[in-house]
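Student:
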Amino acid sequence: EAQVTQNPRYLITVTGKKLTVTCSQNMNHEYMSWYRQDPGLGLRQIYYSMNVEVTDKGDVPEGYKVSRKEKRNFPLILESPSPNQTSLYFCASTLQGANSPLHFGNGTRLTVT
Amino acid sequence: SQQGEEDPQALSIQEGENATMNCSYKTSINNLQWYRQNSGRGLVHLILIRSNEREKHSGRLRVTLDTSKKSSSLLITASRAADTASYFCAPGGNNRLAFGKGNQVVVIP
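Just so you know, the protein sequences line up as chains A and B, in that order.
The first sequence begins at 21 in the numbering used here and counts up by one.
The second sequence begins at 4 in the numbering used here and counts up by one.
Here's what the structure looks like:
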């Protein structure tokens, strides 16, 4: 089954404790992206990747890191999480960047205390 | 900005009625996409309309695009309770899709 898999689904952590949210797709998509969703603010793009070893900042990249060492994986790294990073995070992938439909994962709800 | 802005932000209708949502944006685009989200789950793609298209249909969905006015509309005909969800428009261009804040639609059985 074609899908985007994010893990974990829920995560509660404390300020400053490094964490990684994994994202994997099995559709051989070149383009992958991370979004965060907050009430009243909609979805905002954090980082995106056009292909392996190619990543670019989105609208809200501060406090986040990503890597794209393999085509299928695009982990989101929070080196020192802060409470303002409490949010619902979505990974998505697509074949042709903004010119084809995005496939979304089921989301990761992160709480930083 | 490239971000889409949906209008109205909330809509409540009776089952069987039509639901219309509008989206405006500010920059030039290659395409515009509409997505649906159920209760905090991942967004699901509904329809993509390219910048050289004016109208597109998919089942009970009808999307229009007016690039001169930088606006799009999504019409859901004969709505069902299962159509209750948030709907997002996403103008596409410069290798990015920028989502709006969403439009909450409630279909009352």
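Glycine is no exception: its CB is placed at the ideal position from the N, C-alpha and C atoms.
If you count every other CB in all the chains shown that lies within 10 Å of the CB of residue 105 of chain A, and 16 or more means buried, which is it?
Tutor: The residue you call residue 105 of chain A lines up with position 85 of the first sequence. Classification of residue 105 of chain A: buried, given that the 10 Å Cβ count is 16 or more.
Student: For the candidate residues A:97, A:37, A:73, A:96, whose alpha-carbon lies nearest to that of residue 50 of chain A?
Tutor: As a working note, residue 50 of chain A is residue 30 in the first sequence. That would be A:73, whose Cα lies nearest to the Cα of residue 50 of chain A.
Student: Just reading off the beta strand (DSSP E) that residue 53 of chain B is part of, what are its end residues?
Tutor: The count along the second sequence starts at 1 and reaches residue 53 of chain B at position 50. Looking at the DSSP string, the run of the beta strand (DSSP E) that includes residue 53 of chain B is 47 to 53.
Student: Indicate whether residue 95 of chain A and residue 87 of chain A have their beta-carbon atoms separated by less than 8 Å.
Tutor: Working through the first sequence from its first residue, we reach residue 95 of chain A at position 75. Working through the first sequence from its first residue, we reach residue 87 of chain A at position 67. Taking 8 Å as the Cβ cut-off, residue 95 of chain A and residue 87 of chain A qualify as a contacting pair.
Student: Cβ of residue 121 of chain A less than 8 Å from any chain B Cβ?
Tutor: Residue mapping note: residue 121 of chain A aligns to position 101 of the first sequence, counting from 1. It does; some Cβ of chain B falls within 8 Å.
Student: According to the neighbour-count rule (16 or more other Cβ atoms, all chains shown, within 10 Å of its Cβ), is residue 34 of chain A buried or exposed?
Tutor: Position 14 of the first sequence, counted from the first residue, corresponds to residue 34 of chain A. So residue 34 of chain A ends up on the exposed side.
Student: Consult DSSP for residue 112 of chain B and reduce its assignment to one of helix, strand or coil.
Tutor: Here residue 112 of chain B corresponds to residue number 109 of the second sequence, with the count starting at 1. Correct three-state label for residue 112 of chain B: coil.
Student: Taking 8 Å as the threshold, find out whether the segment 25 to 36 of chain B comes into contact with the segment 89 to 99 of chain B through three or more Cβ pairs.
Tutor: With the cut-off at 8 Å, the segment 25 to 36 of chain B and the segment 89 to 99 of chain B touch.
Student: For residue 39 of chain B, decide whether its Cβ has a neighbour in chain A, counting only Cβ atoms nearer than 8 Å.
Tutor: The residue given as residue 39 of chain B occupies position 36 in the second sequence. For residue 39 of chain B, the answer is no, since every Cβ of chain A falls outside 8 Å of its Cβ.
Student: Are the C-beta of residue 36 of chain B and some C-beta of chain A separated by less than 8 Å?
Tutor: Numbered from its first residue, the second sequence carries residue 36 of chain B at position 33. With 8 Å as the cut-off, residue 36 of chain B counts as an interface residue toward chain A.
Student: Going along chain B in order, which residues have a C-beta closer than 7 Å to the C-beta of residue 61 of chain A?
Tutor: By 1-based counting over the first sequence, the position of residue 61 of chain A is 41. Simply 104.
Student: Taking the beta strand (DSSP E) that residue 113 of chain B falls in, what are its first and last residues?
Tutor: Within the shown structure, residues of chain B are numbered from 4 to 112, placing residue 113 of chain B beyond reach of any answer.
Student: Is the Cβ of residue 99 of chain B closer than 8 Å to any Cβ of chain A?
Tutor: Position 96 of the second sequence, counted from the first residue, corresponds to residue 99 of chain B. So yes, residue 99 of chain B belongs to the interface.
Student: Would you call the segment 122 to 133 of chain A and the segment 97 to 111 of chain A touching, i.e. three or more CB-CB distances under 8 Å?
Tutor: Touching, per the Cβ criterion.
Student: Would DSSP call residue 48 of chain A helix, strand or coil?
Tutor: Locating residue 48 of chain A in the first sequence gives position 28, where the first residue counts as 1. Coil, per DSSP.
Student: Using the three-state DSSP reduction, which class does residue 107 of chain B fall into: helix, strand or coil?
Tutor: Taking the first residue of the second sequence as position 1, residue 107 of chain B is located at position 104. Note: residue 107 of chain B maps to strand in three-state DSSP.
Student: Should residue 79 of chain B be labelled buried (16 or more other beta-carbon atoms within 10 Å of its own) or exposed?
Tutor: On the second sequence, position 76 is the one that residue 79 of chain B refers to. Classification of residue 79 of chain B: buried, given that the 10 Å Cβ count is 16 or more.
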